[in-house]
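Here is the structure we will look at, set down as structure tokens.
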Amino acid sequence: MQQFVKKLLNDVKALNYMLENDWFEDDIIRIGAEQEMCLVDKRTMKPHCIAMDVLEKMKEHKWVETELAQFNLEINLQPQVFVDKCLSTMETELNTNLSILSNTLDDFGSKIILTGILPTLRKFDLEMDNLTPKKRYKALMEAINSQLIGNAYELRLMGIDELLVKHDSPLLEACNTSFQVHLQVAPKDFVPLHNIAQTLAAPMIASAANSPIVFGKRLWHESRIALFQQALDIRTTHRYMRERSPRVNFGSDWLDESIMEIYKEDIARFRVLLSADVDEDSLKMIAEGKVPKLRALQVHNSTVYRWNRPCYGVSDTGKPHLRIENRVLPAGPTTRDEMANAAFWLGAMVGFGQEYKDIRELISWEDVRDNFVKAARFGIDTSFTWFNDRKISACDVILEEMLPLARKGLESQGVDTGDIDTYLGVIEERAKKHMTGARWQLRAFSKLKKEVSQDEAVSVLTSCIIKNQEQQIPGHEWPMPNVEDLEEYRPSKLKVEEFMSTDLFTVQKDDIIELVATLMDWRKIRYMPVENSKGKLSGLVTSRLLMRYFHDKPRYNGTRAMMVKDIMIKDPITIGPEATMVKAMAIMRDNKIGCLPVVHEDELIGVITEMDFLRISSRLIERLENENEK
Numbered sequence: 168m169q170q171f172v173k174k175l176l177n178d179v180k181a182l183n184y185m186l187e188n189d190w191f192e193d194d195i196i197r198i199g200a201e202q203e204m205c206l207v208d209k210r211t212m213k214p215h216c217i218a219m220d221v222l223e224k225m226k227e228h229k230w231v232e233t234e235l236a237q238f239n240l241e242i243n244l245q246p247q248v249f250v251d252k253c254l255s256t257m258e259t260e261l262n263t264n265l266s267i268l269s270n271t272l273d274d275f276g277s278k279i280i281l282t283g284i285l286p287t288l289r290k291f292d293l294e295m296d297n298l299t300p301k302k303r304y305k306a307l308m309e310a311i312n313s314q315l316i317g318n319a320y321e322l323r324l325m326g327i328d329e330l331l332v333k334h335d336s337p338l339l340e341a342c343n344t345s346f347q348v349h350l351q352v353a354p355k356d357f358v359p360l361h362n363i364a365q366t367l368a369a370p371m372i373a374s375a376a377n378s379p380i381v382f383g384k385r386l387w388h389e390s391r392i393a394l395f396q397q398a399l400d401i402r403t404t405h406r407y408m409r410e411r412s413p414r415v416n417f418g419s420d421w422l423d424e425s426i427m428e429i430y431k432e433d434i435a436r437f438r439v440l441l442s443a444d445v446d447e448d449s450l451k452m453i454a455e456g457k458v459p460k461l462r463a464l465q466v467h468n469s470t471v472y473r474w475n476r477p478c479y480g481v482s483d484t485g486k487p488h489l490r491i492e493n494r495v496l497p498a499g500p501t502t503r504d505e506m507a508n509a510a511f512w513l514g515a516m517v518g519f520g521q522e523y524k525d526i527r528e529l530i531s532w533e534d535v536r537d538n539f540v541k542a543a544r545f546g547i548d549t550s551f552t553w554f555n556d557r558k559i560s561a562c563d564v565i566l567e568e569m570l571p572l573a574r575k576g577l578e579s580q581g582v583d584t585g586d587i588d589t590y591l592g593v594i595e596e597r598a599k600k601h602m603t604g605a606r607w608q609l610r611a612f613s614k615l616k617k618e619v620s621q622d623e624a625v626s627v628l629t630s631c632i633i634k635n636q637e638q639q640i641p642g643h644e645w646p647m648p649n650v651e652d653l654e655e656y657r658p659s660k661l662k663v664e665e666f667m668s669t670d671l672f673t674v675q676k677d678d679i680i681e682l683v684a685t686l687m688d689w690r691k692i693r694y695m696p697v698e699n700s701k702g703k704l705s706g707l708v709t710s711r712l713l714m715r716y717f718h719d720k721p722r723y724n725g726t727r728a729m730m731v732k733d734i735m736i737k738d739p740i741t742i743g744p745e746a747t748m749v750k751a752m753a754i755m756r757d758n759k760i761g762c763l764p765v766v767h768e769d770e771l772i773g774v775i776t777e778m779d780f781l782r783i784s785s786r787l788i789e790r791l792e793n794e795n796e797k
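Heads up: the sequence shown begins at 168 in this note's numbering, then just goes up one per residue.
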């Protein structure tokens, strides 16, 4: 590690020398992209951990690679010169590669889905067993864990619903899939264009949001932003307000002079997580007039997650170049939508760069950062503080300011007019209809939740996303889903935690019996768990016990009963969250009970009742009847 850090510091010196002596390519602009995706079982719509098997079968295709989890893959697209039909060429390449991959996945009973966060993803899918078995990933997880200050990673998000949950590994990062776009930038233009990229991040999120559902909770329009930060956040609360930056961050201020400011800040703020066997001596190569790959710097840069990340590379010409990598954009809803997002950002970067020499004169850093968080939370419903302190809606910014400048930017690059009209037309219609992938998912999931169980709702939602993607229907044109859109639904192998009720009403053992009866009447429930002040299960009260109490009042089983502890079942039969629903059914049937409290280390975390099974079985019967009618 010490040797690696020396190499890292030498790389910084080498980069600085190349910048000061004009070694960089500045007479051509290229673009590129990376496509992240999830793999799902085509029968269950749940994550399918087959990435290594798929890659073994596709080893002749160098454009597909592993990602952090075994239900993720990534496609790397060929760089294109930013001119003519570069955008449609990139889309064609992406669709071709996805088609080849899909054909391979058919043999595994699996499908591709492009979405910022997979709706059917469950917390237990993110256990370390599903980490892709590569040394680098394991080393990264161990390194992040070693720096964890608290005892767990915490997710805290609030949208329509609220998510408050702990997890024991940073594999939570694997929730997020994106479509990362690269823009090559001349060194002299890096500072103003990076500041523009920071400014454009908020409206780009607003127009492209596609990640609103996490573990069955409706949260931010682009929950990836908060989830990615919190998944790798090693910080915890302290008595004193010492400032610590998360490794996933937006930045701390504008750039002033050089890309070097970012690299130096990241090395100063964030400890080196990974080392690598770096053979090259970058300073020696510089002295010999050779261009180094700066491998150590690239390794460290890959472990600091800026939403607009600086990148260094060596072109086929042998000259070094700089890029800005846009990590804001989510995967999906379709490849057409993704390329529209890319065209919009690329055109706006060039257009704003031509229109404004220094964006900092028009908007403050504080407003840019505030806009970023608001856009992640509210998506296309956001109201921004824009240039010259003007308040404006996301749709108006997109339609009135960004689209015209994006068109000018693309035209100035000589991009094909047909490509410009096609891709910017998608963005325009999206803004006019006020419909993004996130807004569609939120509306669709809310509709489905009123009709079926949560698990079936996310399964139907996922199935509809895949079908619409395969038909290449732009996201703003998607119809609302129906439960019949999922051809078959198989809940039998699912776990208790996927079906249990977590919105619980409970009492404590010293509460009076009349309170329990009243609450059960108000909430129309037949079972009331009893817990202590720490959330540990103490007992269970049933409607049958209440009927017996009121029938025998004032004496109950020969003694005077006044409080919950006098009538409750003191040692109720329970089940753990990892058990299958089949096991839960068997326990309830064999013991002739209608309720199973779900506990983890004695803590009450949910309840399964006969009504849950009735909902499941009734839906399965309805599906069978519909199949017979067909």
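The C-beta atom is built at its ideal place from N, Cα and C for all residues, glycine as well.
Contact check, Ile-775 vs Val-731 under 8 Å by CB: the rounded distance?
Here residue 775 refers to the residue found at position 608 of the sequence shown. Here residue 731 refers to the residue found at position 564 of the sequence shown. Contact flag wrong, Cβ pair sits at about 21 Å.
Runs of 3 residues minimum, wholly inside the segment 641 to 705: which ones carry the beta strand (DSSP E) assignment?
694 to 698
Check whether the Cβ atoms of Asn-475 and Ala-369 lie closer than 7 Å to each other.
What you label residue 475 is simply residue 308 of the sequence shown in a count that begins at 1. What you label residue 369 is simply residue 202 of the sequence shown in a count that begins at 1. Contact: no.
Can you find the residues in the same chain that come closer than 7 Å, C-beta to C-beta, to Pro-739, ignoring five residues on each side of it along the sequence?
Taking the sequence shown and counting its residues from 1, one reaches residue 739 at position 572. Same-chain partners within the cutoff: Gly-706, Leu-707, Pro-764.
Excluding the five sequence neighbours on either side, which residues of its own chain have a C-beta within less than 7 Å of the C-beta of Glu-665, listed in chain order?
Residue mapping note: residue 665 aligns to position 498 of the sequence shown, counting from 1. If we look at Glu-665 and ignore the five residues flanking it on each side, its Cβ neighbours are Arg-289, Asp-622.
Do the segment 601 to 612 and the segment 236 to 249 meet, that is, are 3 or more Cβ pairs less than 8 Å apart?
Fewer than three pairs of CB atoms, one per stretch, sit closer than 8 Å, so the segment 601 to 612 makes no contact with the segment 236 to 249.
Alpha helix (DSSP H) containing Asp-719: first to last residue?
In the sequence shown, counting from the first residue as 1, residue 719 sits at position 552. Going by DSSP, Asp-719 is part of the alpha helix (DSSP H) stretching over 710 to 719.
Label Ala-435 either buried or exposed according to how many other C-beta atoms from any shown protein chain fall within 10 Å of its C-beta, with 16 as the threshold for buried.
Indexing the sequence shown from 1 puts residue 435 at position 268. Ala-435 is exposed by the Cβ-count criterion.
Write down every uninterrupted run of the beta strand (DSSP E) in the segment 407 to 488 whose length is 3 residues or greater and which is fully enclosed by it, in chain order.
Runs of the beta strand (DSSP E) lying entirely within the segment 407 to 488, each at least 3 residues long, are 475 to 481 in chain order.
State yes or no: is the C-beta of Thr-282 within less than 7 Å of the C-beta of Gly-499?
Numbered from 1 along the sequence shown, position 115 holds the residue referred to as residue 282. Numbered from 1 along the sequence shown, position 332 holds the residue referred to as residue 499. The answer is yes: Cβ separation under 7 Å.
Can you tell me whether DSSP reads Thr-282 as helix, strand or coil?
Residue numbering aside, residue 282 sits at position 115 when the sequence shown is read from its first letter. In the structure shown, Thr-282 sits in coil (DSSP, three-state: anything other than H, G, I, E or B).
Between Thr-709 and the rest of its own chain, which residues show a CB-CB distance below 6 Å, the 5 nearest in sequence each way excluded?
Residue 709 sits at position 542 when you count from the first residue of the sequence shown. Excluding residues within five positions, the ones whose Cβ falls inside 6 Å are Tyr-694.
For the structure I just gave you, are there three or more beta carbon pairs, one from the segment 631 to 646 and one from the segment 680 to 691, closer than 8 Å?
no
Would you say the segment 518 to 537 touches the segment 488 to 503, given that touching needs at least three Cβ pairs under 8 Å?
In this structure the segment 518 to 537 does not touch the segment 488 to 503; the number of beta carbon pairs closer than 8 Å is below three.
Identify the residues that DSSP records as bridge partners of Tyr-320: which are they?
Here residue 320 refers to the residue found at position 153 when the sequence shown is read from its first residue. Note: Tyr-320 sits in a beta bridge opposite His-334.
Which residue or residues does DSSP assign as beta-bridge partners of Ile-311?
For the purposes of this step, residue 311 is taken as the residue at position 144 of the sequence shown. According to DSSP, Ile-311 bridges with nothing at all.
Look at the alpha carbon of Ile-280 and the alpha carbon of Cys-631, and state the distance between them as a whole number of angstroms.
Taking the first residue of the sequence shown as position 1, residue 280 is located at position 113. Taking the first residue of the sequence shown as position 1, residue 631 is located at position 464. Roughly 10 Å between the two C-alpha positions.
Hey, quick one: how far does the beta strand (DSSP E) through Val-774 stretch, first residue to last?
The count along the sequence shown starts at 1 and reaches residue 774 at position 607. Where Val-774 is concerned, the enclosing beta strand (DSSP E) stretches over 770 to 776.
Among Ile-429, Phe-238, Leu-609, whose alpha-carbon lies nearest the alpha-carbon of Phe-275?
Here the question's residue 275 lines up with position 108 in the sequence shown. The residue among Ile-429, Phe-238, Leu-609 with its C-alpha nearest the C-alpha of Phe-275 is Phe-238.
Report all residues from its chain with a CB closer than 6 Å to the CB of Gln-465; omit the five preceding and five following residues, and keep chain order.
Position 298 of the sequence shown, counted from the first residue, corresponds to residue 465. For Gln-465, where only same-chain residues beyond five positions count, there are no Cβ hits under 6 Å.
For Val-352, which beta-bridge partners are listed by DSSP?
Residue 352 sits at position 185 when you count from the first residue of the sequence shown. Answer by DSSP bridge pairing, in chain order: Leu-489.
What do you get for Asp-586, buried or exposed, if any count of 16 or more other CB atoms within 10 angstroms of its CB means buried?
Translated into positions along the sequence shown, residue 586 becomes position 419. Classification of Asp-586: buried, given that the 10 Å Cβ count is 16 or more.
Using beta-carbon positions only, say whether Thr-344 and Glu-203 come within less than 7 Å of one another.
Mapped onto the sequence shown, residue 344 falls at position 177. Mapped onto the sequence shown, residue 203 falls at position 36. Yes.
Check each candidate in Lys-614, Leu-330, Thr-263, Glu-234 and name the one with the smallest Cα separation from Glu-305.
Counted from its first residue, the sequence shown places residue 305 at position 138. The identity of residue 305 in the sequence shown is Lys, whereas the question assumes Glu. Of the listed residues, the one whose Cα sits closest to Lys-305 is Glu-234.
Have a look at Asn-555, Asp-534, Gly-514 and flag the residue whose alpha-carbon is nearest the alpha-carbon of Leu-133.
Coverage of the chain is limited to positions 168 through 797, which leaves residue 133 absent and any answer about it impossible.
Return the first residue and the last residue of the alpha helix (DSSP H) that Asp-178 is part of.
Walking along the sequence shown from the start, residue 178 turns up at place 11. Its alpha helix (DSSP H) spans residues 169 to 187.
Please state whether DSSP places Leu-254 in a helix, a strand or coil.
Here residue 254 is taken as the residue at index 87 of the sequence shown, counted from 1. Three-state result, Leu-254: helix.
Report the three-state DSSP secondary structure of Asn-377 (helix, strand or coil).
As a first step, residue 377 is located in the sequence shown; it is residue number 210 there, counting from the start. Reduced to three states, the DSSP call for Asn-377 is coil.
Quick one: what's got a C-beta closer than 7 Å to Glu-596's C-beta in the same chain, skipping five residues either side?
Start at 1 with the first residue of the sequence shown, and residue 596 comes out as number 429. Excluding sequence neighbours, Glu-596 sits near His-643.
Measure how close the beta-carbons of Tyr-472 and Phe-395 come, nearest whole angstrom, since I'm counting them as under 8 Å.
As a first step, residue 472 must be located in the sequence shown, where it is residue number 305. As a first step, residue 395 must be located in the sequence shown, where it is residue number 228. Cβ atoms of Tyr-472 and Phe-395 come within 8 Å of each other, at about 7 Å.
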